[in-house]
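When we follow full-length UniProt numbering, the leftmost residue of the sequence shown carries the number 2, and every step to the right adds one. Yeah, the Cβ is synthetic: ideal placement off N, Cα and C, and Gly gets one too.
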Amino acid sequence: SGELTLAAVDLGASSGRVMAARVGPERLDLTEVHRFPNRPVRTAGTLHWDVLGLYGGVLDGLRAAGREAGRVDGVGIDSWAVDYGLLDADGALLGNPVHYRDGRHATAVPAVHGAVPPGELYAVTGLQHLPFNTVFQLAAARGTAQLAAARRALLVPDLLAYWLTGAVGAEVTNASTTGLLDATSRQWAEDLIGRLDLDRGLFPPLRQPGDRLGELTADVLEETGLAGPVPLVAVGSHDTASAVVGVPAATDRFAYVSCGTWSLVGVELEKPVLTEASRAAGFTNELGVDGTVRYLRNVMGLWLLQESQRTWAAHGLPADLPDLLAAAAQVPAFTALVDPDDARFLPPGDMPARIAAACTATGQTPPRSQAETVRCILDSLALAYRRTVRAAVGLSGRDVEIVHLVGGGARNTLLCQLTADACGLPVLAGPVEAAALGNVLVQARRLGVLSGGLPELRALLRSTQDAQLYLPQAGSEAGWDAAEARVSG
Ligand code: ADP
Ligand code: LRH
């Protein structure tokens, strides 16, 4: 029929999901078949991902996909970036992957920068300095028995792909978040790996989105009840790479906010921007599908809200999201503003208290209610989006006439409107499941039911997926200009 049924595994920091999609030249129907929480676990002082729990969720999801869709013709996996599992010489996992919000990287940053100064790292990798980038995590693990025993480091989607198929490799979009990949040649940065005294053998051969990386093993077929052969196709295995494929852009003059736990704000380019100004502004050049570059900045994102909700719930306070957002819409704008990227917001913990402390430290009255705290978060995020979109335009020279907001945050109508007002640009919100859609599109093209480049794939998104348009409200500009002046002054 020219259509296939494909499963997309998309693991976000807040939840994992498996989607089943029916795809063809004129069809893209996505159904969520399984969603499971992604809850970090602290053992002996270290924050970990529960990677076996997540893998179990993937198997449950594939089983559900087969049951609900009747068949599965292909599978793709994407997840959050930077974190990895180590395999020993027998291919067994050594310990649980450490969570990027664990504090272990703190001491490693000076050590890495001592060996290779930040300017040199950036000139090669083009990566925004984030203290949890893989390069710093590996440096933090130096001297441990675990790293000494390790023969391979596999990023999370590559680790799951290994368990599903037995194939070992490093998909390039996610490898670009390690701090060890050359953004220009799109190969492992051999020179950096040597200078940082890392074992070159840890880093497996690269694979590209669209590579057919293997087939589900007999064990996996048995556990999931799927009928083989089922190919696992490499997609943009970095969730943000798949989410950017999933942006329903009509031209190349767009910015995006991939809005989930993190907000990834930027533009799509053909070539990296490796200037000193770009480094100073905190922009990253992550690699995208089809040879593109995701020129963006990490903004702390809805983590601020998620972690506030978690804190409130733990204190027995109301934490229902729709209620909190409705209340936030009723309180005045701009009573308090924080820099969402303040490093003190990164670890888990009492977020409302940290926001209040940041307000006090900057001479502002802290929010007096939950509604004011939520409003402070959303105003501050929208202001950061404005700053970041404008900086991306200035540093890259790419014109932007629309902002696409995708991911769970597209459901937040208040945030979408604030973003349109702050940026002074139309915001097209949706799809919510951009990452899963980008995952499916790349699989479908590899398996022969779609063809063309990103513009053709995105045309199918535009004709099949819902999106809501938010226009900047007349008269809103002055308030945002004043807010901007307040935080930068
Ligand atoms: P991740 O992929 O990082 O796990 P998601 O893209 O799933 O994140 O986005 C999760 C976020 O989306 C939630 O933290 C929440 O703020 C927002 N969200 C989800 N559902 C809604 C909703 N109904 N209304 C407003 N915001 C929502
Ligand atoms: C979003 C994301 C982001 C990374 C972060 C660690 O899920 O992949 O792009 O910077 O997680």
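Rounded separation between residue i and residue j - CA only
| i | j | result |
| --- | --- | --- |
| residue 491 | residue 98 | Here the chain has residues from 2 to 490 only, and residue 491 is not among them. |
| residue 485 | residue 369 | 22 Å |
| residue 268 | residue 123 | 19 Å |
| residue 191 | residue 405 | 36 Å |
| residue 236 | residue 483 | 43 Å |
| residue 141 | residue 109 | 5 Å |
| residue 348 | residue 135 | 17 Å |
| residue 481 | residue 239 | 33 Å |
| residue 353 | residue 312 | 8 Å |
| residue 216 | residue 439 | 21 Å |
| residue 232 | residue 225 | 14 Å |
| residue 104 | residue 454 | 41 Å |
| residue 446 | residue 416 | 34 Å |
Helix, strand or coil at residue i [DSSP, three-state]
| i | result |
| --- | --- |
| residue 471 | strand |
| residue 137 | helix |
| residue 340 | coil |
| residue 38 | strand |
| residue 346 | helix |
| residue 383 | helix |
| residue 163 | helix |
| residue 33 | strand |
| residue 299 | strand |
| residue 405 | strand |
| residue 273 | coil |
| residue 97 | coil |
| residue 189 | strand |
| residue 488 | helix |
| residue 90 | coil |
| residue 243 | helix |
| residue 19 | strand |
| residue 456 | helix |
Buried versus exposed, by CB contacts within 10 Å (16 or more), residue i
| i | result |
| --- | --- |
| residue 389 | buried |
| residue 467 | exposed |
| residue 397 | buried |
| residue 111 | exposed |
| residue 309 | buried |
| residue 42 | exposed |
| residue 492 | Past the edges of the chain, shown from 2 to 490, lies residue 492, and the structure says nothing about it. |
| residue 188 | exposed |
| residue 172 | buried |
| residue 223 | exposed |
| residue 490 | exposed |
Cβ-based neighbour list, residue i, same chain, cut-off 7 Å, excluding 5 preceding and 5 following
| i | result |
| --- | --- |
| residue 421 | 427, 428, 471, 472, 473 |
| residue 202 | 152 |
C-beta atoms of residue i and residue j nearer than 8 Å
| i | j | result |
| --- | --- | --- |
| residue 443 | residue 210 | yes |
| residue 4 | residue 24 | yes |
| residue 451 | residue 158 | no |
| residue 460 | residue 379 | no |
| residue 262 | residue 14 | yes |
| residue 155 | residue 85 | yes |
| residue 10 | residue 62 | yes |
| residue 199 | residue 117 | no |
| residue 339 | residue 373 | no |
| residue 55 | residue 39 | yes |
Same chain, Cβ closer than 8 Å to residue i, five either side skipped, listed in chain order
| i | result |
| --- | --- |
| residue 254 | 399, 400, 401, 402, 403 |
| residue 218 | 165, 166, 167 |
| residue 94 | 52, 86, 87, 88, 160 |
| residue 289 | 174, 237, 242, 245, 246, 269, 295 |
Cβ shell of residue i (< 6 Å), same chain only, five flanking positions each side left out
| i | result |
| --- | --- |
| residue 463 | 249 |
| residue 283 | 129, 298 |
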